[in-house]
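Residue numbers (our numbering): 738 to 1153. Remarks on the structure that follows.
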């Protein structure tokens, strides 16, 4: 430093190569005396001299790495399940959230396409079907059960009257009684969300399987939100997959602690801890709930997540939800959510918005790097509440924000 005064720093605190031997003495003179309480300045110097860096994780990098690691770990189910050899091939997989059921379905569907066969994938809810359709290779059919029954009704020459209260009962009855054309028979049938299927649905779908075809039934009792009895599949081989590779271990541990896992779930995620935050609002105060949800969005954006990384899941169904009927939460936070309307072809209509918002029922089967689980309120923690908590919380891959009422928080704390 030829002219230390130009640096705008006390010349006594500038050390160069010629005065490096004075470094320790200058530090001792500048910092508080040895018996004084260390202050922020002391800590900064200690970290600097110890080569300690204050780093902030980059969510965009973590998201990619997390997806890659989870896919690799959860890929075991797709590998080993497809190596099983028995005839006829009827495999029931009872697998927890994040165990690799989607990867198994993708592998089985893709293998059928590669072999020149015709596969059918059927799940319960439409959002999951649309999500899976984007992952599957071209060919075959990817549908929800209602999409499947709608297509069958139209092919039989009768456009469904969606204004009728019993429209789905009519369609299901038609599928059960009508002769099945050869074009509606498949070499491979994959049923996802099997815990939400009825015996009648089972019979409708499985009659579409060719006699020598392969069938895989995927289900998770912990995600049974509709309280249906387990569908009997006599003669089928059952494979249990109890390890959740997707959800950070902290989330799995919390769910086990509150009794939200009817079947045992092992934590297999490479991430031990999750970024979990709780935002509380007074019971019944809708404006406070909306304000806390807006705050949750700010927290996620402030942590480095983009709007495409964030999903809002409502604890309530669409009919009883407040958020899912809004076009926007604020001037800058618009919502993409299901309007409850369908077009003439049975396709669901969505609001135009930047943040995906779904009920916990419709978001089942999907996930996002950051989940805002909101409108959580209940008077009693019964089995349905526990299952909804399990579904909503296991959607998060990295960050989870719980927006819950004060009475819901008290019950959760009592369980922990």
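Cβ coordinates follow ideal geometry from the N, Cα and C atoms, glycine included. Remember, it's a predicted structure, so these values are computed and weren't measured experimentally.
Which word fits residue i, buried or exposed, when buried means at least 16 other C-beta atoms lie within 10 angstroms of its C-beta?
{"i": "residue 877", "result": "buried"}
{"i": "residue 930", "result": "buried"}
{"i": "residue 840", "result": "buried"}
{"i": "residue 746", "result": "exposed"}
{"i": "residue 1012", "result": "buried"}
{"i": "residue 751", "result": "exposed"}
{"i": "residue 985", "result": "buried"}
{"i": "residue 682", "result": "With the chain covering 738 to 1153 only, the question about residue 682 has no answer from this structure."}
{"i": "residue 1158", "result": "Beyond the ends of the chain as shown, which are 738 and 1153, falls residue 1158; an answer cannot be given."}
{"i": "residue 982", "result": "buried"}
{"i": "residue 823", "result": "exposed"}
Looking at the structure shown, is residue i part of a helix, part of a strand, or coil, going by DSSP?
{"i": "residue 1101", "result": "coil"}
{"i": "residue 981", "result": "strand"}
{"i": "residue 881", "result": "strand"}
{"i": "residue 1024", "result": "helix"}
{"i": "residue 920", "result": "helix"}
{"i": "residue 833", "result": "coil"}
{"i": "residue 1127", "result": "helix"}
{"i": "residue 855", "result": "coil"}
{"i": "residue 956", "result": "strand"}
{"i": "residue 906", "result": "helix"}
{"i": "residue 763", "result": "helix"}
{"i": "residue 777", "result": "helix"}
Give the C-beta separation of residue i and residue j to the nearest angstrom, bearing in mind that I take them to be a contact with Cβ-Cβ under 8 Å.
{"i": "residue 830", "j": "residue 954", "result": "7 Å"}
{"i": "residue 1086", "j": "residue 1095", "result": "Incorrect: roughly 14 Å between the Cβ atoms, too far for contact."}
{"i": "residue 1125", "j": "residue 1075", "result": "Not a contact, Cβ separation roughly 18 Å."}
{"i": "residue 1032", "j": "residue 1064", "result": "Going by Cβ atoms, the distance from residue 1032 to residue 1064 rounds to 20 Å, so no, they are not a contact pair."}
{"i": "residue 1128", "j": "residue 960", "result": "5 Å"}
{"i": "residue 1027", "j": "residue 1066", "result": "6 Å"}
{"i": "residue 1097", "j": "residue 1050", "result": "5 Å"}
Taking only the alpha-carbon atoms, compute the straight-line gap between residue i and residue j and give it to the nearest angstrom.
{"i": "residue 1133", "j": "residue 1007", "result": "14 Å"}
{"i": "residue 1140", "j": "residue 890", "result": "42 Å"}
{"i": "residue 818", "j": "residue 1068", "result": "49 Å"}
{"i": "residue 1101", "j": "residue 1060", "result": "18 Å"}
{"i": "residue 821", "j": "residue 882", "result": "27 Å"}
{"i": "residue 977", "j": "residue 1022", "result": "43 Å"}
{"i": "residue 1038", "j": "residue 1044", "result": "7 Å"}
{"i": "residue 921", "j": "residue 914", "result": "14 Å"}
{"i": "residue 802", "j": "residue 788", "result": "26 Å"}
{"i": "residue 804", "j": "residue 937", "result": "37 Å"}
{"i": "residue 901", "j": "residue 1005", "result": "47 Å"}
{"i": "residue 816", "j": "residue 947", "result": "24 Å"}
{"i": "residue 994", "j": "residue 1003", "result": "13 Å"}
Going along the chain, which residues of its own chain have a beta-carbon closer than 6 Å to the beta-carbon of residue i, five neighbours each way excluded?
{"i": "residue 870", "result": "879"}
{"i": "residue 1131", "result": "834 and 984"}
{"i": "residue 1148", "result": "1118"}
{"i": "residue 1105", "result": "1048"}
{"i": "residue 1009", "result": "986"}
{"i": "residue 933", "result": "861 and 963"}
CB-CB under 7 Å to residue i, same chain, minus the five flanking residues each way: which ones, in chain order?
{"i": "residue 996", "result": "1123 and 1152"}
Less than 6 Å between the CB of residue i and some heavy atom of the ligand COA, yes or no?
{"i": "residue 807", "result": "Annotation note on the ligand COA: not contained in the displayed structure, which lists no ligands."}
CB-CB under 8 Å to residue i, same chain, minus the five flanking residues each way: which ones, in chain order?
{"i": "residue 897", "result": "887, 890, 891, 904, 907, 908 and 1083"}
{"i": "residue 813", "result": "837"}
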